[in-house]
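Sequential numbering from 189 applies to the sequence shown in this note's numbering.
For glycine and all other residues, C-beta sits at the position ideal for the given N, C-alpha and C.
Keep in mind it's a predicted model, so treat the numbers as computed, not measured.
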Amino acid sequence: MSNAIQALLAAALLTVSGSALANPRDAVCGNDCAAWVSFGGENFNIPMQVTEDGKGWVKDFVAETAMGRVELNNLWMDPDPMILFGIGVVNFTSSPLLFSFGFSTPISLSGTVGANSQISYTLTDGAGDGVTLAPFFGPNVLVAQDFDATLKGTNKGVDIGQACSTALCGPYSGSNVLNFSTTQVMMGATVSFVLTGQDAAGLSGFVVQTPIPEPATYLMMGLGVAGLLLRRRFNR
């Protein structure tokens, strides 16, 4: 995990209001779900809509400069938690251009957690001289982390997305099991890549994680089911 990625994710967390860090047991977006994009030396904060039950979403956000164009076609951030995205970019220049997207959502997870990720991309060779999409930070396009209330970050171990020069790339997927001794209150993900000149790309993917019941929890669930079965049998 590079220091640059951790700095980007931590900076995104510091832009939120802080209520999610103060009260992790009620994980809803409120003002704390955040999204941004950077390309061609310019940064854009992406306006977030929030549903009545506290989930964040974005649809059809567009930003364009003389150097390129980005479209966040769909973004869904569920503090349960999940980040689901669909991205489109175009490089107007004749040189490779860096595009970086960042997403963060409140969560409330501790103990044993299962994490999964997936990303795929389609590439369009606009100049007829070949097209390549390559990670900018390290070996992966998609990088995901969790943060506790002190902003200490833990990489989820599901970073994915390699360099590709074909029309269809992926899907690439990752999975991991983590054990947290402290409650994690924020999940962050970055999608950062360099795209060759005069070319376009579309990317879609997700990061999701869910608690895994401990053995004692499974035992209690089993005892509960057994109790119901015995009660039905007794009532007969």
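{"Asked": "Report the rounded CA-to-CA distance for T354 versus L263, giving the unit in angstroms.", "Found": "25 Å"}
{"Asked": "Relative to the C-alpha of I271, which candidate in P401, G385, V379, G390 has its C-alpha closest?", "Found": "V379"}
{"Asked": "Mark P294 as exposed unless 16 or more other C-beta atoms lie within 10 angstroms of its C-beta, in which case mark it buried.", "Found": "buried"}
{"Asked": "Check P323 in the structure and name its three-state DSSP category.", "Found": "strand"}
{"Asked": "Please determine if the segment 283 to 292 and the segment 343 to 354 are in contact, where contact requires at least 3 C-beta pairs separated by less than 8 Å.", "Found": "no"}
{"Asked": "Measuring straight from C-alpha to C-alpha, what distance separates A303 and F368?", "Found": "12 Å"}
{"Asked": "Is it true that the segment 241 to 259 meets the segment 338 to 349, where meeting means three or more beta-carbon pairs spaced less than 8 Å apart?", "Found": "no"}
{"Asked": "So, P393 versus S292, is the Cβ gap smaller than 9 Å?", "Found": "Reading off the sequence shown, one finds Gly at residue 393, where the question assumed Pro. Contact: no."}
{"Asked": "Give me the Cβ distance between S296 and A222, rounded to the nearest whole Å; I'm assuming they're in contact under 8 Å.", "Found": "17 Å between Cβ atoms; not a contact."}
{"Asked": "Count the other C-beta atoms from every protein chain shown that fall within 10 angstroms of the C-beta of L356, then say buried if there are 16 or more, exposed otherwise.", "Found": "exposed"}
{"Asked": "Check for me: the beta strand (DSSP E) holding Q386 runs from which residue to which?", "Found": "That residue, Q386, is in no beta strand (DSSP E); it is neither H nor E in DSSP."}
{"Asked": "Taking buried to mean at least 16 other C-beta atoms within 10 Å of its own C-beta, is S305 buried or exposed?", "Found": "buried"}
{"Asked": "Cα separation between V247 and N231?", "Found": "For the sequence presented, residue 247 should be read as Lys rather than Val. Between K247 and N231, the C-alpha separation is close to 19 Å."}
{"Asked": "Where do the ends of the beta strand (DSSP E) carrying Q333 lie?", "Found": "330 to 336"}
{"Asked": "State buried or exposed for V365, treating a residue as buried only when at least 16 other CB atoms are found within 10 Å of its CB.", "Found": "exposed"}
{"Asked": "Tell me whether Q397 is buried or exposed, calling it buried when 16 or more other Cβ atoms sit within 10 Å of its Cβ.", "Found": "buried"}
{"Asked": "Within a Cβ cutoff of 6 Å, which residues of the same chain sit near D266, ignoring the five residues on either side of it in sequence?", "Found": "K243"}
{"Asked": "Between N233, P269, D241, which has its C-alpha nearest M374's C-alpha?", "Found": "P269"}
{"Asked": "Going along the chain, which residues of its own chain have a beta-carbon closer than 8 Å to the beta-carbon of G318, five neighbours each way excluded?", "Found": "S353, T384"}
{"Asked": "Distance check for G229 and P235, CA to CA, integer angstroms please.", "Found": "20 Å"}
{"Asked": "Closest by CA to T300, which one among L260, W245, S361, T371?", "Found": "T371"}
{"Asked": "Quick check on DSSP: helix, strand or coil for Q350?", "Found": "coil"}
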